[in-house]
Amino acid sequence: MTSFSLEGRTALVTGARRGIGAAIAAGYAAAGAELILMARDAALEDTLEAIKRNGGGDASVVIADFADPAAVEQVATEIVDNRKVDILVNNAGTIRRAPAAVTATADWQHVIDVNLNSTWAVTRPIGAAMARRQTGKIVTIASLLSFQGGIRVPAYTAAKHAVAGLTRALANEWGPAGVQVNAIAPGYISTDNTAELRADPDREAAIRERIPAGHWGRPEDVVGAAVFLASAAADYVNGHVLAVDGGWLSR
47 MTSFSLEGRT
57 ALVTGARRGI
67 GAAIAAGYAA
77 AGAELILMAR
87 DAALEDTLEA
97 IKRNGGGDAS
107 VVIADFADPA
117 AVEQVATEIV
127 DNRKVDILVN
137 NAGTIRRAPA
147 AVTATADWQH
157 VIDVNLNSTW
167 AVTRPIGAAM
177 ARRQTGKIVT
187 IASLLSFQGG
197 IRVPAYTAAK
207 HAVAGLTRAL
217 ANEWGPAGVQ
227 VNAIAPGYIS
237 TDNTAELRAD
247 PDREAAIRER
257 IPAGHWGRPE
267 DVVGAAVFLA
277 SAAADYVNGH
287 VLAVDGGWLS
297 R
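Each residue of the sequence shown is one higher than the last, beginning at 47 in our numbering.
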């Protein structure tokens, strides 16, 4: 099972303060990776403690406002200039719910900047450095709404469709240079982004009843897929969007 090991690798995880990003960071530590955490603020105590519980050392922390793609690109470029990043996990994301007819342009732009433009701002310099070295793994967190339209989340859906397309485009371009670019599409996971849905008894029940697994996922349910796609076990997996959804898409 050594092909699943991340020993000797450095992984940059964005949006690592909580939820899926924090779970992946801890899982990577357990698999042997050294961590760089990129978040919008330094309140990462829980993630840092989880990394240490999983056998990791002191993770590096860098601060970036994902609503400002230019600032994110500057931070990513500084990382490239000073560190070798073997694995990039684009997890930072946000959601704003409103009917399309009343969605404010500012809300639309905020979601697109955080979920898509900042993903590009991180990936371009780091992926280019990987391609120059002829090795690297990029894993982006997509969504079920990379495949579906959703309800009352037009900007989020547009961004996640674009993330899936970007995954395939970069896989085509960087695959010959030894860089695998893939995505994970989590299903309905208990995180801050789904708190509003879980607080609505009717909507929560309707969602849960459609999931063949019979329950909402946990952030930890995404970790196995993230470790796999970052490891040598996935060296021949490229341009794929892997659903981790309890069977939602099969219904």
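C-beta: ideal position from N, C-alpha, C; glycine also.
According to DSSP, residue pairing for G54 in a beta bridge does not occur. Here the alpha carbons of A71 and D267 stand approximately 13 Å from one another. When DSSP states are grouped into helix, strand and coil, A289 belongs to the strand group. Under the DSSP definition of a beta bridge, A229 partners with T186 and V287.
Taking one beta carbon from each stretch, the stretch 279-294 and the stretch 221-234 have 3 or more pairs nearer than 8 Å; the two touch. Of the residues K183, R249 and T203, the one whose Cα lies closest to the Cα of V273 is K183. The beta carbon of G78 lies closer than 6 Å to those of S51, L52 and E53 in the same chain, with the five residues before and after it left out. In the three-state scheme derived from DSSP, where H, G and I count as helix and E and B as strand, M176 is classed as helix. Here A278 is near S49, since their CB atoms are less than 7 Å apart.
Within the stretch 89-119, the complete alpha helix (DSSP H) segments of 4 residues or longer fall at 91-99, listed in chain order.
Per the coordinates, the alpha-carbon of I133 lies some 17 Å from the alpha-carbon of V209.
Cβ atoms of N136 and V168 come within 8 Å of each other, at about 6 Å.
The three-state secondary structure of N136, taken from DSSP, is strand. The shortest CA-to-CA distance from V118 to any of E124, I125 and A110 is the one to A110.
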